[in-house]
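Inspection log for the structure reproduced underneath, given as structure tokens.
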Amino acid sequence: MKTTTKVTAYTNPSSGLNPLRIITWQKGAWIVCCLMLFAVPLLITKNSYLFLLTNIFIWSVFAMSYNLLLGFTGIISFGHAMFFGIGAYSLALTARHVPGGEVGFILAILATVVICFVLSLIVGLLSLRLRDTFYALITLAVATIFVIIAEQWRSMTMGNDGFNFTASLSRDLFGFINLLDRRHVYYIALIFLIGMFLLLKRFIDSPVGRTLQAIRDNEARAASLGYAVLNYKLISNILAGVMAGLAGVVYAISIRFVSPDSVLGVENTIDVLLMTVIGGVGTLLGPIIGAAVVEVSSHYLMGLANIHPIFERWVILFGVVFILIILFFPAGIVGTIKQKFLSKKKGVSS
Amino acid sequence: MTTSTTAKTMESTPVHEKKKMIETVNLTKSFGGHTAVSAVSLTIFEKELKSIIGPNGAGKTTFFNLLSGQMKPTSGEIFFQGKEIQHLPPHKRTKLGIGRSFQITNVFPTLTVLENVRLAVQAKYNIHYSMFRHFKHYKHLEEEAYESLEKVKLADKAGQLASNLAHGEKRKLEISILLALDTKLLLLDEPTAGMSIDEVPQIIEVIEEIRDQRDRTIILIEHKIDLVKHLSDSIAVLFHGKQLADGSPTEIMNNEQVQSAYLGGLYNDAED
């Protein structure tokens, strides 16, 4: 009894306001946001906007999975795109080779989960017991192997050119999903994002997630508390790998085309690294904001090329955007706002 | 049922017979040409408080690193309750029951004070691979962590980030984490180092309390001999990595070699 009163006594002043009210206010905001996103296809009929939003959702999941490694475990991967690519190629190949939409679709998901699970386990076992730099290098090496396979196995993957599989996408998957309808794909991506977000949120707040953050902070100390650090890093690596793989599956549905560059290449890893850093490393919402910023700015900057040929080099402009963001938001957009908010709250209470 | 069996085992073990908790045999650690710990053979009995003293650079912390697994010995053996452990990694030794605190502050800076301790409690209860259950579900962990913070008078800082604590408070947190782990053997590496004068007695009090409960073994590293004189059941002196003396506090205080190591020429040697 004595302890319970004390526990409540310390939770209340630290949060400043009535915690129950904050939670409902936040939850309300979340629900309104989700409802608005669900209403978007009813209001916007232009396919290009739906396509842009769909890709933001998918890249958000991809970036979230990357953030699990970088932000919550403290390990940096240069080969995360291999999982994304494996997912995308799984869907593309089954769409092309397996007749009957449902079978191919389920097969693609199963193949992605199994391959990504085994691959991330092996890569993790090979490298995670060593120092973090080795992990970065080994992931880069393994990812490059997959790029080479996709380029060389021409009979299967059509090599560097990649292939389009729009024609073989199912129009009545499970009887009610038309994969060629942008609105349907939009809803698939949105539900996928919400599902993955909730899953990751739960994972981060679980004992394992908490331990991972401790390992990120101080690996040796976590070990001396009795945590088997390698196992935790493996769990994180596997979850991140499978999540990225599934993001790849949905991405392939959205862009209806795969090539080594578009889904497997190292540039894709750099993109999610950018998204994570821009949005805020180690925050749940950061990668989503980061993905939105990167996708929207590259979409519009690319469009500028029609105005003047100088904008063909839009990547330079993107670099300027990136530098400005890092200048004004050193901990990423979400991370910096969170810091400001926390220090403000502390100032009020003290 | 359980109580009767425990009572039986208690009876069968004679009170006067002391059981070995941890024992080192010719434990040696060299870094290149420098031997930091040289053939140290120490025995620490169950439920005693042993202090290891020695001037700076005597190899005390290295000796602890060997016991807790942060370092692997160059040669020699370590027996924990009769089991050879020198090949085990740190996390396995913790699970066996060896907990340690660090001399240099070694906490999780971006987590809150409470979370720092809660992680130790979580480890103690072996809640290791629960992945999709909210950590708040394990309410008792938080309560126990809070109690451990109260012991070191840090409960009012529970919600703060560990990085925002003052140095002395971080030291207290370090000890609170160790207490929360609740291990049979506690290795305390200079628990009062860098603390302000009014904080030192608080920590000494905590250590005295644990000692007086007589249910666990404590090894304490100190370089201030006055501090451990009254606290310890026995004291070992390390000097230049070698074991200089081992005995009761009075024996150690009257030992000429120890006196010269601390007061005379030997100490000056260690300084350079």
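Sequences listed follow chains A and B, in order.
For what it's worth, UniProt numbering labels the leading residue of the first sequence as 1, then goes sequentially.
For what it's worth, UniProt numbering labels the leading residue of the second sequence as 1, then goes sequentially.
In this text, a Cβ means the ideal position worked out from N, Cα and C, and glycines have one as well.
Every value quoted in this text rests on a predicted model; they were computed, and no experiment measured them.
Is there a C-beta anywhere in chain A that falls below 8 angstroms from the one on residue i?
{"i": "K242 of chain B", "result": "no"}
{"i": "F64 of chain B", "result": "no"}
{"i": "P191 of chain B", "result": "no"}
{"i": "R133 of chain B", "result": "yes"}
{"i": "P73 of chain B", "result": "no"}
Can you pull the chain B residues whose beta carbon is under 9 angstroms from the beta carbon of residue i, in chain order?
{"i": "T211 of chain A", "result": "L119, Q122, A123 and H128"}
Taking the alpha carbon of residue i as the reference point, which residue from the options has its own alpha carbon closest?
{"i": "G100 of chain A", "options": "A:T54, A:L173 and A:I270", "result": "A:L173"}
{"i": "I255 of chain A", "options": "A:K46, A:W30, A:F51 and A:A136", "result": "A:F51"}
{"i": "V243 of chain A", "options": "A:I86, A:R131 and A:A39", "result": "According to the sequence displayed, residue 243 of chain A carries Met and not Val. Of the candidates A:I86, A:R131 and A:A39, the one whose C-alpha sits nearest the C-alpha of M243 of chain A is A:I86."}
{"i": "L107 of chain A", "options": "A:V277, A:V334, A:G335 and A:L246", "result": "A:L246"}
{"i": "A236 of chain B", "options": "B:N26, B:L42 and B:T112", "result": "B:L42"}
{"i": "S170 of chain A", "options": "A:I310, A:F57 and A:A95", "result": "A:A95"}
{"i": "V208 of chain A", "options": "B:A120, B:L220, B:I218 and B:S176", "result": "B:A120"}
{"i": "G59 of chain B", "options": "B:K95, B:H223, B:I210 and B:E48", "result": "B:H223"}
{"i": "T183 of chain B", "options": "B:V37, B:K29 and B:K47", "result": "B:K47"}
{"i": "L140 of chain A", "options": "A:L69, A:M82, A:A29 and A:A222", "result": "A:M82"}
{"i": "G57 of chain B", "options": "B:N254, B:T250 and B:H240", "result": "B:H240"}
{"i": "R131 of chain A", "options": "A:G74, A:S90, A:I253 and A:S224", "result": "A:G74"}
{"i": "G247 of chain B", "options": "B:K20, B:E23, B:T35 and B:S51", "result": "B:S51"}
{"i": "N106 of chain B", "options": "B:A261, B:R171 and B:L141", "result": "B:R171"}
{"i": "V296 of chain A", "options": "A:I56, A:M64, A:L198 and A:S77", "result": "A:I56"}
{"i": "L185 of chain B", "options": "B:V200, B:I197 and B:I207", "result": "B:I207"}
{"i": "D205 of chain A", "options": "B:R214, B:H137, B:L238 and B:Q213", "result": "B:H137"}
{"i": "V114 of chain A", "options": "A:S90, A:D261, A:L284 and A:G286", "result": "A:S90"}
{"i": "T269 of chain A", "options": "A:L284, A:G282 and A:A291", "result": "A:A291"}
My output table needs one value for residue i: the three-state DSSP class, helix, strand or coil.
{"i": "V113 of chain A", "result": "helix"}
{"i": "K20 of chain B", "result": "strand"}
{"i": "R100 of chain B", "result": "strand"}
{"i": "N106 of chain B", "result": "coil"}
{"i": "I31 of chain A", "result": "helix"}
{"i": "G335 of chain A", "result": "helix"}
{"i": "K233 of chain A", "result": "helix"}
{"i": "S15 of chain A", "result": "Reliability of the predicted coordinates at S15 of chain A is poor, the pLDDT of 42 falling under 50, and no value is obtained from them."}
{"i": "D189 of chain B", "result": "strand"}
{"i": "D246 of chain B", "result": "strand"}
{"i": "N164 of chain A", "result": "strand"}
{"i": "I53 of chain B", "result": "strand"}
{"i": "I127 of chain B", "result": "coil"}
{"i": "G76 of chain B", "result": "strand"}
Which bits of chain A does residue i rub up against, with CB to CB less than 8 angstroms?
{"i": "S148 of chain B", "result": "Going along chain A, no residue has its Cβ under 8 angstroms from S148 of chain B, so there is no contact; the nearest lies around 11 angstroms."}
{"i": "R211 of chain B", "result": "Going along chain A, no residue has its Cβ under 8 angstroms from R211 of chain B, so there is no contact; the nearest lies around 22 angstroms."}
{"i": "K153 of chain B", "result": "Ordered by position in chain A, no residue passes the 8 angstroms Cβ test against K153 of chain B, which lies about 13 angstroms from the chain."}
{"i": "L181 of chain B", "result": "L225 and G226"}
Please classify residue i as buried or exposed, where buried requires at least 16 other C-beta atoms within 10 Å of its C-beta.
{"i": "E169 of chain B", "result": "buried"}
{"i": "D189 of chain B", "result": "buried"}
{"i": "T166 of chain A", "result": "exposed"}
{"i": "Q86 of chain B", "result": "buried"}
{"i": "I215 of chain A", "result": "buried"}
{"i": "K233 of chain A", "result": "buried"}
{"i": "K139 of chain B", "result": "exposed"}
{"i": "W59 of chain A", "result": "buried"}
{"i": "E205 of chain B", "result": "exposed"}
{"i": "F72 of chain A", "result": "buried"}
{"i": "K340 of chain A", "result": "exposed"}
{"i": "F192 of chain A", "result": "buried"}
{"i": "C116 of chain A", "result": "buried"}
{"i": "R313 of chain A", "result": "exposed"}
When the cut-off is 8 angstroms and only beta carbons count, does residue i lie next to chain B?
{"i": "V208 of chain A", "result": "yes"}
{"i": "N237 of chain A", "result": "no"}
{"i": "Y300 of chain A", "result": "no"}
{"i": "F203 of chain A", "result": "yes"}
For residue i, return the contacting residues in chain A, with the cut-off set at a CB-CB distance below 7 angstroms.
{"i": "S68 of chain B", "result": "S224"}
{"i": "L111 of chain B", "result": "Q213, A214 and D217"}
For residue i, return the contacting residues in chain B, with the cut-off set at a CB-CB distance below 8 angstroms.
{"i": "R221 of chain A", "result": "F102, N106, V107 and F108"}
For residue i, which residues in chain A fall below 9 angstroms Cβ to Cβ?
{"i": "H91 of chain B", "result": "A222, A223, S224, L225, G226, Y227, A228 and V229"}
{"i": "T94 of chain B", "result": "A223, S224, L225, G226 and Y227"}
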